[in-house]
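All residue numbers for the sequence shown refer to the numbering used here, where the first residue is 4 and numbers rise by one.
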Amino acid sequence: MDHSLQHQYLQTLGVLQYVPKDTVYEDVVADSKPVPKIAVPVSAAEGFETAAKLDAGLDQSRNQAPNQAPNQGIAKKPIDVAALVNLGLDDNPAAPAKAKVAATKPPVAENSQPTAVIEVKFSLWQITDELLVCSAVEGALAETAEMQLLSNMLNAIGCGIGRLPQMDLIEWPPYPNAPNDEAEAREYLATLLEAKLAGKPVKTVLLLGESAADWLISPDKVASDKAPVALSEQTTALLLPSLATMIDKPQKKAVAWQALQVLLPANSSSV
Numbered sequence: 004m005d006h007s008l009q010h011q012y013l014q015t016l017g018v019l020q021y022v023p024k025d026t027v028y029e030d031v032v033a034d035s036k037p038v039p040k041i042a043v044p045v046s047a048a049e050g051f052e053t054a055a056k057l058d059a060g061l062d063q064s065r066n067q068a069p070n071q072a073p074n075q076g077i078a079k080k081p082i083d084v085a086a087l088v089n090l091g092l093d094d095n096p097a098a099p100a101k102a103k104v105a106a107t108k109p110p111v112a113e114n115s116q117p118t119a120v121i122e123v124k125f126s127l128w129q130i131t132d133e134l135l136v137c138s139a140v141e142g143a144l145a146e147t148a149e150m151q152l153l154s155n156m157l158n159a160i161g162c163g164i165g166r167l168p169q170m171d172l173i174e175w176p177p178y179p180n181a182p183n184d185e186a187e188a189r190e191y192l193a194t195l196l197e198a199k200l201a202g203k204p205v206k207t208v209l210l211l212g213e214s215a216a217d218w219l220i221s222p223d224k225v226a227s228d229k230a231p232v233a234l235s236e237q238t239t240a241l242l243l244p245s246l247a248t249m250i251d252k253p254q255k256k257a258v259a260w261q262a263l264q265v266l267l268p269a270n271s272s273s274v
């Protein structure tokens, strides 16, 4: 069939831009003329359409370049250049970003308690060269009632004093911002007591109150029955209830009087 006539038939049937491989486009355009409408039987039209489609498919196959892939005309997915640049550098999938956790302080144990501040005071009276009295200061300094009780006790063992001598005060901490260290506090208080004993030929020290015994005497020297404690070869300590305790609980005066029996004069009798 003549190519020009075939092209006109196909153009009439609605198949446009059919150009055989051996026909130049300009020639086809130049030769193409309006074709009058021809009444073609339905069976013939169907035959022309089928033949045209088969011929177009064969010609397209022949015109395809040998090294051209069959699916070259199909639209390809855009290439991600950035992904190609990083190709092989990140083999593992990106891990999800970790949420930043605000720094928190470690939880404090419920049973933890702050260290108690060490604050102790003791009053010292040098009654005679051989007798030293040391009383724990509980809160404020000794009141008048306590001073009167102490004077009565000393006169009961034969001291014969009208009033108490000048009081010395030793305490911890000795200065502001002193270390809150128990061992250092004990050593400091023991040193002051030893200095006081070294100045006089003291034979007996009366320790009034458990706090005085706890801080001024080594724990390994204190007996469970509160018996006299030997501080040195010539000095003995007697452990008595505190003055405040004896005022609040008068029955404790009997305990103190029993401990003081060793200081009574040889010719005197206990009451």
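Backbone N, C-alpha and C fix where the C-beta goes; we use that ideal spot for every residue, glycine too.
These numbers come from a predicted model, not from an experiment.
Please name the residue in G161, M150, W175, P168 whose C-alpha comes closest to that of F125. Position 122 of the sequence shown, counted from the first residue, corresponds to residue 125. Among G161, M150, W175, P168, the Cα nearest to that of F125 is on W175.
Assigned secondary structure, T194 (DSSP; H/G/I helix, E/B strand, else coil): Translated into the one-based positions of the sequence shown, residue 194 becomes position 191. DSSP places T194 in helix when its eight states are reduced to three.
Helix or strand or just coil, what does DSSP make of I250? Indexing the sequence shown from 1 puts residue 250 at position 247. I250 falls in the helix class under three-state DSSP.
Given a cut-off of 8 Å on the beta-carbon distance, is the pair V232 and E133 in contact? Here residue 232 is taken as the residue at index 229 of the sequence shown, counted from 1. Here residue 133 is taken as the residue at index 130 of the sequence shown, counted from 1. Against a cut-off of 8 Å, the Cβ pair of E133 and V232 comes out as no contact.
When burial is assigned at 16 or more other CB atoms within 10 Å of the CB, is V265 buried or exposed? For this step, residue 265 is matched to residue 262 along the sequence shown. With fewer than 16 other Cβ atoms within 10 Å, it is exposed.
In whole angstroms, what separates the C-alpha of L209 from that of L243? In the sequence shown, the residue the question calls residue 209 occupies position 206. In the sequence shown, the residue the question calls residue 243 occupies position 240. Taking the straight line from one Cα to the other gives about 7 Å.
Presumed contact (8 Å Cβ cut-off) between E149 and L246, rounded CB distance: Working through the sequence shown from its first residue, we reach residue 149 at position 146. Working through the sequence shown from its first residue, we reach residue 246 at position 243. Contact holds; Cβ gap of about 4 Å.
Using the beta-carbon count (16 or more within 10 Å), is R166 buried or exposed? The sequence position of residue 166 within the sequence shown is 163, counting from 1. Per the 10 Å Cβ criterion, exposed.
Just curious, the alpha helix (DSSP H) that K256 is in, first and last residue? By 1-based counting over the sequence shown, the position of residue 256 is 253. Its alpha helix (DSSP H) spans residues 255-262.
Could you check how far apart the C-beta atoms of A215 and S138 are, in whole angstroms? I think they sit under 8 Å. The residue you call residue 215 lines up with position 212 of the sequence shown. The residue you call residue 138 lines up with position 135 of the sequence shown. Rounded, the Cβ-Cβ distance is 7 Å, consistent with contact.
Return helix, strand or coil for L266, following the three-state DSSP convention. The residue you call residue 266 lines up with position 263 of the sequence shown. Three-state DSSP puts L266 in a helix.
Please confirm whether N183 and I121 have their CB atoms less than 8 Å apart. For the purposes of this step, residue 183 is taken as residue 180 along the sequence shown, with counting starting at 1. For the purposes of this step, residue 121 is taken as residue 118 along the sequence shown, with counting starting at 1. Yes. Within cutoff.
Three-state secondary structure (DSSP) of S138: Residue 138 sits at position 135 when you count from the first residue of the sequence shown. In this structure, S138 counts as strand in the three-state DSSP scheme.
Between which two residues does the beta strand (DSSP E) containing A240 stretch? Locating residue 240 in the sequence shown gives position 237, where the first residue counts as 1. Its beta strand (DSSP E) spans residues 239-243.
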